[in-house]
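In order, the protein sequence lines correspond to chains A and B.
Numbering follows our numbering, in which position 6 of the first sequence is assigned residue number 6; successive positions increment by one, without gaps.
Numbering follows our numbering, in which position 44 of the second sequence is assigned residue number 44; successive positions increment by one, without gaps.
Below is one structure, written out as C-alpha cells; comments come after it.
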Amino acid sequence: YQKNNQKDEL
Amino acid sequence: MNIFRLSGDLSHLLAILLLLVKIWKTRSCAGISGKSQILFAIVYTTRYLDLFTSFVSVYNSFMKVVFLTASYGTLYLMFFKFKPTYDHNHDSFRILYLIIPSLVLSFIIVHVYTVMEILWTYSIYLEAVAIMPQLFMVSRTGEAETITSHYLFALGSYRALYILNWIYRYYTEDFLDMIVIIAGIVQTILYCDFFYLYITKVLKGKRLSLP
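Pasting the structure below:
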C-alpha cells in the first residue's frame, strides 16, 4: 500500500 | 522533513548549481551530456506541474522553482550561449530508449490513473535512468574533469540520501511508496561504479580517468 498521495518530496 | 531528506535536497541543489557555475566560469560545457540535461528538464517539468495544483510548503515550492529554473538555464547555456563548446560527437546515447520505456512503464505501474499521477510517475522512472547518457559520455571519452566528477557525486548522493530518508519515514511515519523506493534504488545503483572511481581517484587528488 502507499500513503503518499500528497507529494511532499522533491 | 528529516536530516536525510534535507541533506539529499541540499546535495541535489549543490549538484545543479555546481554544473551551472562550472559552465559559466569556464565558458564551456565540454564533457557534459546535453542529452542527460534534456532528460532532467523533462523530469522536473513533469514532476513539478503540481506547483500549480497543490501547495506543500514555501520550502518545497521554492526548491521546485530553483530546480526548474536552473535546469532550463543549463539547457540555455549548453544549446545556445556556449553551443560551440558542446561535445555532441561523444554524446551519442539514444535517449528515446529511455524516454519511451519510462513512459510505457508509467502507464503500467502507477498508483492512480490520473494525468498528474502518471506524469509524476513518469518523472520518477525517467529520473532513475536520466544520468545514463552522461555516464555513457564519460565512458566514451574515458575521463571527466574534476568539477564534473564533483557534480556527478553530489547528484548521485542525493538519491542515496533519499533512500535513508524513506527508511526513516517508514519507521517514523509509516510512509511507504514502492514506486519511488525501487526507482531510487535503481538510480543509486547506476552511480555505484562512478562512486567507486570517485572515492579511489578524485578524492585522492587524481583526475577521473578510466583504465
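Where a beta carbon is used, it is the ideal one built from N, C-alpha and C, also for glycine.
On a predicted model such as this, the values are computed, not experimentally measured, just so you know.
Is the region 4-13 of chain B touching the region 151-160 of chain B, taking contact as three or more C-beta pairs under 8 Å? yes
For residue 1 of chain A, I'd like the list of residues in its chain whose CB is within less than 8 Å of its CB, leaving aside the five on either flank, ordered along the chain. Only weak support exists for where residue 1 of chain A lies, its pLDDT of 39 falling under 50; the coordinates are left without a value.
Who pairs with residue 144 of chain B in a beta bridge, going by DSSP? According to DSSP, which records beta bridges pairwise, residue 144 of chain B is partnered with B:208.
Going by beta-carbon coordinates alone, are residue 35 of chain B and residue 80 of chain B separated by less than 7 Å? No, Cβ-Cβ distance for residue 35 of chain B and residue 80 of chain B is not below 7 Å.
Using the Cα positions of residue 115 of chain B and residue 191 of chain B, report the straight-line distance between them to the nearest angstrom. 30 Å
If you reduce the DSSP assignment to three classes, tell me which class residue 1 of chain A lands in. Because the pLDDT of residue 1 of chain A is 39, which lies under 50, any placement of that residue in the model is unreliable, and the number read from its coordinates should be weighed accordingly. Three-state DSSP puts residue 1 of chain A in coil, outside helix and strand.
Just mark residue 76 of chain B as buried or exposed, buried being the case when its beta carbon has 16 or more other beta carbons within 10 Å. exposed
Where residue 133 of chain B sits in the DSSP three-state scheme: helix
At a CB-CB cut-off below 8 Å, which residues of chain A make contact with residue 60 of chain B? 8 and 10
Label residue 194 of chain B either buried or exposed according to how many other C-beta atoms from any shown protein chain fall within 10 Å of its C-beta, with 16 as the threshold for buried. buried
Between residue 63 of chain B and chain A, is any beta-carbon pair separated by less than 7 Å? yes
Against chain E, with Cβ distances strictly below 7 Å, would residue 56 of chain B count as a contact? Here the protein chains are A and B, and chain E is not one of them.
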